[in-house]
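Enquirer:
In UniProt numbering, the protein residues as written are 1 to 135.
#1: Report back the beta-carbon spacing between residue 29 and residue 88 to the nearest angstrom; my notes put them in contact at under 8 Å.
#2: Please name the residue in 93, 92, 41 and 132 whose C-alpha comes closest to that of residue 64.
#3: Please report the straight-line C-alpha distance between residue 53 and residue 120, rounded to a whole angstrom.
#4: May I ask you to list the residues that DSSP assigns as paired with residue 74?
#5: Quick check: the Cα distance between residue 104 and residue 130, rounded to an integer number of angstroms?
#6: Just to confirm, are residue 106 and residue 2 a CB contact at a threshold of 8 Å?
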């Protein structure tokens, strides 16, 4: 299956984990070749206005930089890094770990594993406590 279709499905799982209050962490990893950019870490960021957006931490060989994106734009931003240079995206939730993989033939796949984290991320728990996310 083309990786874009599978990545869209992966993004739906991310949105679902947030709406269910189970989101722990999201990471883009495993680069094609030796690149300056090593990982992108995605975490929730609570806004003073009561909503949330996403903080993306770009980890390079020599430094890190952080950028903030709305829920509407974060997946578009992340999709530009699939196959350029990342081949994997890992979603960690309290219910499961879900890995998106793209191979050399541009086919995408999802692999579900047992959860690594027992608790949702601190911002996720705070969003539930404040009523930003309704369970």
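Don't be surprised by glycine CBs; every beta carbon is placed ideally from N, CA and C.
Expert: Based on what the coordinates show:
#1: Position 29 of the chain shown holds residue 29. Position 88 of the chain shown holds residue 88. Rounded to the nearest angstrom, the Cβ distance from residue 29 to residue 88 is 5 Å, consistent with a contact under 8 Å.
#2: The residue given as residue 64 occupies position 64 in the chain shown. Checking every option, the nearest Cα to that of residue 64 belongs to 41.
#3: Within the chain shown, residue 53 is the residue found at index 53, counting from 1. Within the chain shown, residue 120 is the residue found at index 120, counting from 1. One Cα belongs to residue 53, the other to residue 120, and the distance between them is close to 16 Å.
#4: As a working mapping, residue 74 is identified with position 74 in the chain shown. Paired residues: none, contrary to the question.
#5: The residue given as residue 104 occupies position 104 in the chain shown. The residue given as residue 130 occupies position 130 in the chain shown. Each residue's alpha carbon lies about 44 Å from the other.
#6: Residue numbering aside, residue 106 sits at position 106 when the chain shown is read from its first letter. Residue numbering aside, residue 2 sits at position 2 when the chain shown is read from its first letter. A contact, by the Cβ cut-off of 8 Å.
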